[in-house]
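The opening position of the sequence shown corresponds to residue 1 in the UniProt record's numbering, with each subsequent residue numbered one higher. Ideal Cβ positions, reconstructed from N, Cα and C, are used throughout, including at glycine. Predicted model only: the values in this text are computed from it and were never measured. Data first, discussion second: the structure below is written as structure tokens.
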Amino acid sequence: MFPKIFLESFSFCFGGFCKMEPNQTDLNLLEQLLLKILSPQNKERLEAENKYREILTKNADLCLLGLILVLENSNHRSAKELSMILLRQSMIKRNDENARIFDLTQVETQEKIKNKLISNLVAQKNRIVQKKVCDVIAVLGSYQLKKNKWPELIPNLLGMISNLESDLVANFFYLFQQIAVYTGVLLQDYTQEFLELFMKYIDSKIPLEIRVSNLKAYTAFIVLIAKQDRQKFQSILPEMLQTISDCITQSRFDFGEICIQEFIETAVLIPKFFLPQINDIVEGMLFIAGSTEIDEKIRQLAIEYLLIMTEKLPSEMNEIENFTERIILILMQMIIDVSDDDYWEETLRNKTNFDNTDTAKDGLERLSEMLGTSQFVSVIFQHVSLLFESENWKFHFGGLSAITAIGQGCSEAIKGNLEELIQKIVSFINSNHPRVRYIACKTLSQMCLDFPHILQDNYHELLLNSIVSLLDDSSFLTTQKCASVALVNFCSGVDSDIMGFYSEGILQKLVDVLQNNDMSLKEEIITAISAVASSTSVGLIKFYEKFITYLKDILYNATGIQYIQLRGKTMECISVIGIAVGFEIFEKDGIELMEFLLKNQDELQNDTNQLNFLLNTWTNLSRVLGDSFGPYLENVMPMILEIAKEEIVIIPLNDFDDEIDLGDCQIIVSAQEQYAIKSSMIEEKISVITILNNFASNLSISLLPYIETISQININFFRFYYNDSLRVAAFLCSLEVAKNVFQCFENGVSGVDEVFLKKIIDPIFDNLVKAISIENEPQIISVIIETIGILLESYKSGLDSSLVAKFLDQLPKLMEKRKKQRQKIQRKINQDSNPEDIEHNIQSRKQTEEEILLLISQAITPLFQYHCDIFLPIFRETIFPLFRSSLEEQGNGIIEMQVAICGFVDIVEYCSHDVFKEFWGFYNPYVFKYISSNDPNLRQTCVYCSGTFAKFGGSFFNSHSKKWVEELIRVIFLEDSQSETMRIATDNAVNALAKFCRFQAENIPLKECFETFFSCLPISHDQEEAKSVYSFLCDFIEEENSFILGENYLNAQKIIEIFVFVINSHLVEEETFQRIINIFVQFKKIFTQKEFLQMISFLDSQEIIEIILNF
């Protein structure tokens, strides 16, 4: 509590606006005020802080000069430090007019403060106080240099450091480091002076602390200078490396950490800077990483530096002799550095530090993503095999951990050894050591994510039996929980038939384990129940009452704060079970659950831990209840829309904002500016946009009152360039909204007319087109183009021509831009002599670009189909030249050629014969050439194209038919035509041949063509083509085609065999199925009962026999 006389005196002394220089009384009172600000008593401290703000507001000149004088005259170190903290704040914080408080002072005051700061750099003897002075100078100097003020600062500092005593030099380097970080390129004018300065203090005789400070300033400086100037600084890299070495040999591990961390941060930004000395640096870092007597943290940092360099410069690091083998050896030694702890479960549960085992797993995972070749896997497996041969449980633990780490990055290289690997992992499930059983389970769990379909299809019995057996490991909850997670991972995307075979046994086991009283285990078991329910409905009806009764008991009675997660998972699990068992069984419990959620909505929606569970449960209930969920929207939608509409807080950051709490924030760098955005707010937005997406998909008429609002929310997020996931969620939701409206329109829902359709769809389309010109992220461009393509297809000719014109304006630019990007990626790939060493991200980028091109091709189809008049001129002028070059120029990819030919398919199918003839001369030789391509996708495109010639080519194509059909037949019988990769292309060829038979009968050798067609049946690998083929087959039979039926119906039995295969394979539309039944009826009339029964005697399906005989 301040004495009244103190406050009055202070107000009197500092209240005058005419005073420019504080007197001794002022300084004494200010010093006392600063000490009060440091008081541990809240009331006293707050009162002092308020008084300080009042003084600063009334007379900033007097106050700030007072702070610098406190620095000079006070005997209290804490007051000196605080005076510099407050002075620095005046240079960072802004008032309501967005002006820095320091800038509001008079020029004379500013000059006095600058001069006193410089003089106190040397005058202050306490190192901590000196550092605070450096912090002030760094901030003030940095932003003033940017405004072309205080130009003498850097020359003065450089001059001063040359005359300093050694104990002050370290702080000067700290100051230079801070200025370099804050000012960036502004220090480039002093490149030579700084080089000489760094060279002066690198000698091994210089105290280590100064050399470390020198290194920190050096790494900060080299990042900001021009690329051509860095070469000079590379000459002193050996001395900087020697500094790190001396830190290690002198056991100054604290300094060693600092130095390696600086190398890491430099490697992230300019990795090539280290290349001249890379061999020595790598050698040094490998030595540090492999030395067990060195501090663990430094060893981990050395590994991190090597990993960063490998990620940034994989080819260069790969050229270092034995580098990969040596770093793997070190990591494999670290991975077995496991503590022998009887309380390992508790240690694992409470673990916060990153130990050697974690470092090794992280290192192997990252190396696998960069170097996931068969050679890399071979080296790893050699080590793992040796570890598995040992009797030591730690070696088994380490070997399994290594497999867990590399599975995803090396998935392709591991596939050949997968069966042996799975068998080996499973063998450790029965280990005597609980930690080995745990890590074996964890490895299986990870393998289920890395090789989902292979494991599900080929090893389901082995894996599920192993996982379920660990659910009985009741002595170790950690292993039981891990088994639950493994079961969840296995169930993800599994075929329902596979899961259905095991579901009853698994569900019974989950029922049993669910009785355990451990809350964390219950949570995992409930998640596993959800996973099984999501994968199959088999068995759930049998256990339905048990599960629902138990889960509802948890939901209604586990009300304490410690049960938040458990309740959330429980409500979601009930809704998932509902989807599995269906509306009739679940209706009563589903409505009861929804009523419970509404009753507790305020509590649930205000709890961030339960909000996602609530949203997911609503989504699931909307799916299973359908229109019965509609009445609840009036309760649900206000909260969802409120979250969706809430403005996202974006905090602009300047270089000095070190007092803002950024714990829950992601930092965004955009156009040299930095922003902080709350991550939880972004995640909430993504969650609600996702649930709106699901509502649009699951509900129809009941969502219409909210459709316009939802659409506008999505459009607003199209332009939120701070987060990719949120934009993607908005694009996808817009698509579902559009589909919902289209469906209501087609179903004739009242109020959904063409005006309403235009009101919703046009803004979505317009803003998608606008996004194309701005968006740079390939994955997001892919989503945008796919959405536009679907809208064009769904809206048909109803879309406003002006909007189509906007898209057509952007389309050629987009195609040209993506072409350049593909060429750039291809050059990168071509530069790598060993295709196996191509970076994974390069291949991923290539795949994404190819997907974009294919999606563009799909969007072009409805443009030809519904907007040919306005599209064709643009196609001629801008897009066809791109397609021409794709076919004419060497070095283009298969995708480019495929898409170019797809464009011609659209022309043939949707344009006039005159347009077809216009492009025929160019395209004909290329399609003919590539119809027998060794690439299955290109061959498929060309054979499909030939079918469009037959169907739509008209009289112009008649003279070309014979040549084309002969080539088509040749392709069907190529040696590779029935290979796994070519079967789909061959199915397309068979369908194309059917089109020639149907539409070019007068121009082809009919007997050969029909007999070839019939001999190829049945087909099944391309389902869409198969459906078309069987429709044609029905045509030919109904027309009593003698080539198909054979003389005296000789082919009748084979026809029946084909149709039985078709029915069993679900390869026909309902209309074709009825036609097949009618053909069976005709055959029963044509043949005697004995003959007909003889024809179907080959059948082993009683169901099919009954279908045939009953018609």
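Distance, residue j Cα to residue i Cα
i            : j            : result
residue 1113 : residue 206  : No answer is possible for residue 1113: it lies beyond the span of the chain, which begins at 1 and ends at 1111.
residue 554  : residue 621  : 19 Å
residue 353  : residue 461  : 38 Å
residue 1095 : residue 1045 : 14 Å
residue 287  : residue 242  : 13 Å
residue 712  : residue 926  : 46 Å
residue 314  : residue 497  : 44 Å
residue 938  : residue 741  : 37 Å
residue 215  : residue 783  : 46 Å
residue 906  : residue 861  : 6 Å
residue 855  : residue 1039 : 39 Å
residue 880  : residue 764  : 28 Å
residue 837  : residue 431  : Here the model assigns residue 837 a pLDDT of 49, short of 50, so the residue's position is not dependable and the matter cannot be decided.
residue 324  : residue 317  : 8 Å
residue 454  : residue 372  : 19 Å
residue 131  : residue 363  : 37 Å
residue 312  : residue 977  : 43 Å
Member of the options whose CA lies at the smallest distance from the CA of residue i
i            : options             : result
residue 698  : 623, 365, 911, 730  : 623
residue 991  : 941, 1005, 955, 980 : 941
residue 429  : 416, 418, 443, 419  : 443
residue 219  : 228, 1037, 181      : 181
residue 502  : 483, 535, 478       : 535
residue 1035 : 995, 1020, 1021     : 995
residue 592  : 965, 628, 875       : 628
residue 786  : 851, 257, 820       : 851
residue 590  : 450, 575, 831, 794  : 575
residue 723  : 762, 44, 780        : 780
residue 612  : 557, 682, 631, 154  : 682
residue 261  : 244, 250, 770       : 244
Beta-carbon spacing of residue i, residue j below 7 Å
i            : j            : result
residue 217  : residue 263  : no
residue 405  : residue 365  : yes
residue 859  : residue 788  : yes
residue 569  : residue 526  : yes
residue 1092 : residue 1084 : yes
residue 338  : residue 357  : yes
residue 864  : residue 923  : no
residue 633  : residue 687  : no
residue 1037 : residue 1079 : yes
residue 1056 : residue 1012 : no
residue 648  : residue 676  : no
residue 587  : residue 643  : no
residue 960  : residue 987  : no
residue 744  : residue 755  : no
residue 450  : residue 411  : yes
residue 469  : residue 524  : no
residue 277  : residue 237  : yes
residue 374  : residue 413  : yes
residue 774  : residue 814  : no
residue 730  : residue 717  : yes
Rounded Cβ spacing between residue i and residue j (contact assumed at less than 8 Å)
i           : j           : result
residue 900 : residue 883 : 4 Å
residue 252 : residue 208 : 6 Å
residue 65  : residue 22  : 6 Å
residue 416 : residue 368 : Actually they do not touch by this definition, with Cβ atoms about 16 Å apart.
residue 45  : residue 37  : 6 Å
residue 248 : residue 294 : 6 Å
residue 137 : residue 117 : 5 Å
Completely contained alpha helix (DSSP H) runs for the stretch 198-246, where each covers 4 or more residues
208-224, 230-234
In chain order, which continuous runs of the alpha helix (DSSP H) of length 4 or greater are located wholly inside the stretch 735-774?
754-774
Runs of 4 residues minimum, wholly inside the stretch 263-322: which ones carry the alpha helix (DSSP H) assignment?
278-290, 296-312, 314-318
So within the stretch 326-403, which uninterrupted alpha helix (DSSP H) runs reach at least 4 residues, ignoring any that extend past its ends?
344-349, 356-371, 374-389
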